[in-house]
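Asks:
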Amino acid sequence: MNTSGEHDISRRGILVGSAATVAVTAVPAAQAQGVSAPAPALASVKLEVNGVRRTLSLDTRTTLLDALREHLHLTGSKKGCDHGQCGACTVLVDGVRINSCLTLAVMHDGDKVTTIEGLGTPDKLHPMQAAFVAHDGYQCGYCTPGQICSAVAVLDEIKAGIPSHASVSLTERPTASATEMRERMSGNICRCGAYSNIVDAMTDVAETRA
32 MNTSGEHDIS RRGILVGSAA TVAVTAVPAA QAQGVSAPAP ALASVKLEVN GVRRTLSLDT
92 RTTLLDALRE HLHLTGSKKG CDHGQCGACT VLVDGVRINS CLTLAVMHDG DKVTTIEGLG
152 TPDKLHPMQA AFVAHDGYQC GYCTPGQICS AVAVLDEIKA GIPSHASVSL TERPTASATE
212 MRERMSGNIC RCGAYSNIVD AMTDVAETRA
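Residue 64 in our numbering sits at position 33 of the sequence shown, with consecutive numbering throughout.
1) Once DSSP output is grouped into helix, strand and coil, what is the label at V213?
2) Does V53 come out as helix, strand or coil in the three-state DSSP assignment?
3) Quick one: residues in its chain with C-beta nearer than 6 Å to the C-beta of C233, no 5 flanking neighbours on either side, listed in chain order?
4) Starting from D231, trace the beta strand (DSSP E) both ways and give me its first and last residue.
5) Using a Cβ-Cβ cutoff of less than 6 Å, which residues in the same chain neighbour G168 once the five nearest sequence positions on both sides are dropped?
6) Compare the Cα-Cα distances from N81 to each of N130, T206, A237, I147 and report the closest residue.
7) Between which two residues does the alpha helix (DSSP H) holding D187 run?
8) Looking at C-alpha atoms only, which residue of V164, L201, I179 is the closest neighbour of T145?
9) Identify which residue in H166, A241, R222, T239 has its Cα closest to the Cα of C117.
Right under this line is the structure:
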């Protein structure tokens with residue numbers, strides 16, 4: 032029982048008071064002093080995305096991934112680690128695979144960008160998409176768009192004779208062996224562990240091309 036000189040401080044009261052204190056201290060100094068923050072620098076960026084020319088007015092700090100997802104509403108490319116370590120954001124730029132979370136949209140003015148939406152449609156799947164379905168190359172599906180874009184580029188790299196760390200020789204043309212493809216796909220992480228099925232899907236497409 033409280034005495035007449037004591038205050039009844041509830042747990043809820045402490046939490047509310049703490050939250051208010053944090054909110055006040057989190058206010059930027061410039062705002063607290065009545066100074067408005069400078070407007071972000073905008074740039075006009077022209078991209079050819081999945082065969083369609085698009086012009087965007089973007090904050091110069093916008094990544095290519097955010098431009099695709101937030102401005103063009105192409106949400107197939109996923110934001111996983113946002114540090115270029117998982118490959119879920121992989122897209123093709125002028126036919127070359129890149130991690131779209133690590134590059135700014137303004138750096139690709141005039142480039143041709145292909146996302147998972149541009150490879151095929153539900154009615155007309157890209158051969159790699161069809162192979163992933165046939166070989167169950169996915170489980171949760173979160174990394175699948177990046178996996179498929181990367182897989183398409185990997186076979187193009189091998190066809191072009193571009194060597195990798197697993198290539199037997201720097202002068203001989205690489206082959207679409209399981210070891211070669213696994214090495215080249217190592218930047219795309221599948222937390223569900225569907226790696227063997229992904230390689231099977233890629234092998235199927237490689238053999239069809241051959």
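No residue lacks a Cβ here, since even glycine has one placed at the ideal position from N, Cα and C. Only a predicted model underlies this, so the values are computations on that prediction, with no experimental measurement involved.
Replies: Inspection of the coordinates gives the following:
1) The sequence given here has Arg at residue 213, not Val. Secondary structure at R213: helix, using DSSP grouped into helix, strand and coil.
2) Low confidence applies to V53: its pLDDT is 49, below 50, so where it sits in the model is not reliable enough to give any reading.
3) For the record, residue 233 in the displayed sequence is Met; it is not Cys. Answer for M233: A182, M212, listed in chain order.
4) Annotation for D231: no beta strand (DSSP E) segment contains it, though the alpha helix (DSSP H) segment containing it runs 226-240.
5) Result list for G168: A225, N228, I229, A232, in chain order.
6) Looking at the Cα atoms, I147 is the closest of the given residues.
7) Counting along the chain, the alpha helix (DSSP H) containing D187 begins and ends at 175-191.
8) That would be I179, whose Cα lies nearest to the Cα of T145.
9) For the residues H166, A241, R222, T239, the minimum Cα distance to C117 belongs to R222.
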